[in-house]
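Note that the protein sequences, when read in sequence, are chains A and D.
Here the first sequence is numbered in our numbering, starting from 76 and rising by one per residue.
Here the second sequence is numbered in our numbering, starting from 76 and rising by one per residue.
Written out below as structure tokens is the structure these notes cover.
There are 2 protein chains.
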Amino acid sequence: MGRWEPDAAGRLREAALELFGERGFEQTTVAEIAARAGLTERTFFRHFADKREVLFRGSEGLRDTLAAAIDDAPAAASSLEAVTAALNAAGAVFNREFARRRQAVILSNPELQERELIKLAYLTEVLADALRRRGIRDAAARLAGETGMALFRITFERWVADLAERPWTEHLHETLAELDELLLAAPRA
Amino acid sequence: MGRWEPDAAGRLREAALELFGERGFEQTTVAEIAARAGLTERTFFRHFADKREVLFRGSEGLRDTLAAAIDDAPAAASSLEAVTAALNAAGAVFNREFARRRQAVILSNPELQERELIKLAYLTEVLADALRRRGIRDAAARLAGETGMALFRITFERWVADLAERPWTEHLHETLAELDELLLAAPRA
Chain A
76 MGRWEPDAAG RLREAALELF GERGFEQTTV AEIAARAGLT ERTFFRHFAD
126 KREVLFRGSE GLRDTLAAAI DDAPAAASSL EAVTAALNAA GAVFNREFAR
176 RRQAVILSNP ELQERELIKL AYLTEVLADA LRRRGIRDAA ARLAGETGMA
226 LFRITFERWV ADLAERPWTE HLHETLAELD ELLLAAPRA
Chain D
76 MGRWEPDAAG RLREAALELF GERGFEQTTV AEIAARAGLT ERTFFRHFAD
126 KREVLFRGSE GLRDTLAAAI DDAPAAASSL EAVTAALNAA GAVFNREFAR
176 RRQAVILSNP ELQERELIKL AYLTEVLADA LRRRGIRDAA ARLAGETGMA
226 LFRITFERWV ADLAERPWTE HLHETLAELD ELLLAAPRA
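So this is what it looks like as structure tokens:
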């Protein structure tokens, strides 16, 4: 796959992000992405099914990272410890500059926002499934999965927006502490 | 609107749910829904933009219920107390039998599932916006909104699936207690 073009996928991704930023996602064609990258359309389609996949290709990797981290968590780890390990593992594979540019494109297009929602809903299931494999009962696994993805969304937003470039783990830790505080003020009736 | 046909909207909704359940959402036409309800297509379109709207019409009401409950929460209430009041107010307007039938239709169709995800993402924003109106800072409002919708999803699932028909408030209370427990086991490093 693309062996004659070193890092063709990376060059196509960079070209696509540039063009999506300059012209908008809808206004950009695959032909333009390939031309900007100095490659052919045929090479583009060897790497991506369509221009949207340039933005969503990472989903499978993210899924595997999350699931593996939960599988690898010590048996004694609580659900939330396992989920936190998964979120930290996810953060370790993200590139903030790419994430930032990708996020800007996603937020500019309702169709991409929908696709992103579907991706995140799917990842919620991935977390819950991995917890079930640890013997967590279904209802608790679902709750921990939903809570994990709420933490993920907020951490991701803060980390992407953070001009001080503080690391993912700090943002996750703070979000977790705030969630804890939120719950401390919960109704106890 | 529909003044010659008492409760035309209710009859159309009932007919649509029956047909969606019998034939599937995609296989059901507006003409069939109107015929089953003993009404005309024209009457259908006076009440609903399309057959999908039969399932999503309630979203605006739900939005208003959530927002009003947060607005009406005592000034001293914490974010989570306000959100819990909103979730209880939402539960009070749901009809379990309708919710159950609607949920079965939604789960049978990917396009409807996507629409439902979009609705829930929107309601997350509604919660966060209402909290901002109470002077909660943006980051905390977003977290409380996400947490609130995680609670909503889990409570809703359990309440719909509960053959013992225990009330919404009990399910919400339990889900909240479990979230609390989940957080107690959180990493504190």
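Beta carbons are placed, not taken as given, at the ideal position from N, Cα and C, and that holds for glycine.
Query - Own chain residues within Cβ distance below 8 Å of phenylalanine 227 of chain A, not counting five before or after - result: Translated into the one-based positions of the first sequence, residue 227 of chain A becomes position 152. Once the five neighbours on either side are set aside, the close Cβ partners of phenylalanine 227 of chain A are Leu162, Ala165, Leu195 and Leu198.
**Report entry** Bounding residues of the alpha helix (DSSP H) (the contiguous stretch that carries phenylalanine 119 of chain A)
**Finding:** On the first sequence, position 44 is the one that residue 119 of chain A refers to. Residues 116 to 122.
Query raised in the report: Which residues mark the beginning and the end of the alpha helix (DSSP H) in which glutamate 211 of chain D is found?
Result: Looking up residue 211 of chain D in the second sequence gives position 136. For the record, residue 211 of chain D in the displayed sequence is isoleucine; it is not glutamate. Run containing isoleucine 211 of chain D: none; DSSP gives neither H nor E here.
Query raised in the report: Are three or more beta carbon pairs between the region 143 to 157 of chain A and the region 107 to 115 of chain A nearer than 8 Å?
Result: Touching, no.
Query raised in the report: So what's leucine 238 of chain D in DSSP terms, helix, strand or just coil?
Result: In the second sequence, counting from the first residue as 1, residue 238 of chain D sits at position 163. Note: leucine 238 of chain D maps to coil in three-state DSSP.
Query - For glycine 77 of chain A, three-class secondary structure by DSSP - result: The sequence position of residue 77 of chain A within the first sequence is 2, counting from 1. Unreliable positioning characterises glycine 77 of chain A in this predicted model, as indicated by a pLDDT of 44, which lies under 50. A coordinate reading is not provided.
Requested in this report: Kindly say whether glutamate 200 of chain A, judged by its beta-carbon, lies nearer than 8 Å to any beta-carbon of chain D.
Outcome: In the first sequence, residue 200 of chain A corresponds to position 125, counting from 1. No, its Cβ sits nowhere closer than 8 Å to a Cβ of chain D.
Query raised in the report: Should phenylalanine 119 of chain D go down as buried or exposed, given a rule of 16 or more other Cβ atoms within 10 Å for buried?
Result: To locate residue 119 of chain D, count along the second sequence from 1; it is residue 44. That one is buried.
Query raised in the report: Okay, do the region 169 to 178 of chain D and the region 85 to 96 of chain D touch, 3+ Cβ pairs below 8 Å being the bar?
Result: yes
Query raised in the report: So, are the CB atoms of tryptophan 234 of chain D and arginine 138 of chain D less than 8 Å apart?
Result: Residue numbering aside, residue 234 of chain D sits at position 159 when the second sequence is read from its first letter. Residue numbering aside, residue 138 of chain D sits at position 63 when the second sequence is read from its first letter. The answer is no: Cβ separation not under 8 Å.
Requested in this report: Please classify arginine 132 of chain D: does DSSP put it in a helix, a strand, or coil?
Outcome: Along the second sequence, one-based indexing puts residue 132 of chain D at 57. Coil at arginine 132 of chain D, not helix or strand.
Query raised in the report: Would arginine 177 of chain A count as contacting chain D if we go by Cβ distances under 8 Å?
Result: Looking up residue 177 of chain A in the first sequence gives position 102. Taking a beta-carbon distance threshold of 8 Å, arginine 177 of chain A does not count as an interface residue toward chain D.
Query raised in the report: Helix or strand or just coil, what does DSSP make of serine 153 of chain A?
Result: For the purposes of this step, residue 153 of chain A is identified with residue 78 of the first sequence, where counting begins at 1. Serine 153 of chain A falls in the coil class under three-state DSSP.
Requested in this report: Could you tell me whether any Cβ in chain D is nearer than 8 Å to the Cβ of aspartate 255 of chain A?
Outcome: To locate residue 255 of chain A, count along the first sequence from 1; it is residue 180. Yes, aspartate 255 of chain A lies at the interface with chain D (some Cβ there is under 8 Å from its Cβ).
Query raised in the report: Going straight from the alpha carbon of leucine 141 of chain D to that of leucine 206 of chain D, what length do you get?
Result: For this step, residue 141 of chain D is matched to residue 66 along the second sequence. For this step, residue 206 of chain D is matched to residue 131 along the second sequence. Cα to Cα, leucine 141 of chain D sits roughly 11 Å from leucine 206 of chain D.
Report task. Please go through the same chain and pick out, in chain order, the residues whose beta-carbon is closer than 7 Å to the beta-carbon of leucine 114 of chain D, but skip the five residues on each side of it. Result -> Translated into positions along the second sequence, residue 114 of chain D becomes position 39. Hits under 7 Å: Glu80, Ala83, Arg86 and Leu87.
**Report entry** For asparagine 163 of chain D, three-class secondary structure by DSSP
**Finding:** Position 88 of the second sequence, counted from the start, is the residue given in the question as residue 163 of chain D. Helix.
Query - Extent of the continuous alpha helix (DSSP H) to which aspartate 125 of chain A belongs - result: Sequence index remark: in the first sequence, residue 125 of chain A carries index 50 (1-based). Looking at the DSSP string, aspartate 125 of chain A is not in any alpha helix (DSSP H), and its letter there is neither H nor E.
Query - Backbone CA spacing between threonine 244 of chain D and glycine 220 of chain A [nearest angstrom] - result: As a working mapping, residue 244 of chain D is identified with position 169 in the second sequence. As a working mapping, residue 220 of chain A is identified with position 145 in the first sequence. About 22 Å.
Query raised in the report: Buried or exposed: where does arginine 212 of chain A fall if 16 or more other Cβ atoms within 10 Å of its Cβ makes it buried?
Result: As a working mapping, residue 212 of chain A is identified with position 137 in the first sequence. The residue in question, arginine 212 of chain A, is exposed, as its Cβ has fewer than 16 Cβ neighbours within 10 Å.
**Report entry** Cα-Cα separation, arginine 127 of chain A to leucine 187 of chain A
**Finding:** Along the first sequence, one-based indexing puts residue 127 of chain A at 52. Along the first sequence, one-based indexing puts residue 187 of chain A at 112. Distance between the alpha carbons of arginine 127 of chain A and leucine 187 of chain A: 8 Å.
Query raised in the report: From arginine 217 of chain A to histidine 122 of chain A, what distance separates their C-alpha atoms?
Result: Taking the first sequence and counting its residues from 1, the one referred to as residue 217 of chain A is at position 142. Taking the first sequence and counting its residues from 1, the one referred to as residue 122 of chain A is at position 47. Going from the Cα of arginine 217 of chain A to the Cα of histidine 122 of chain A covers about 35 Å.
Requested in this report: Tell me whether valine 168 of chain A is buried or exposed, calling it buried when 16 or more other Cβ atoms sit within 10 Å of its Cβ.
Outcome: Within the first sequence, residue 168 of chain A is the residue found at index 93, counting from 1. Around the beta-carbon of valine 168 of chain A, fewer than 16 other beta-carbon atoms lie within 10 Å, marking it exposed.
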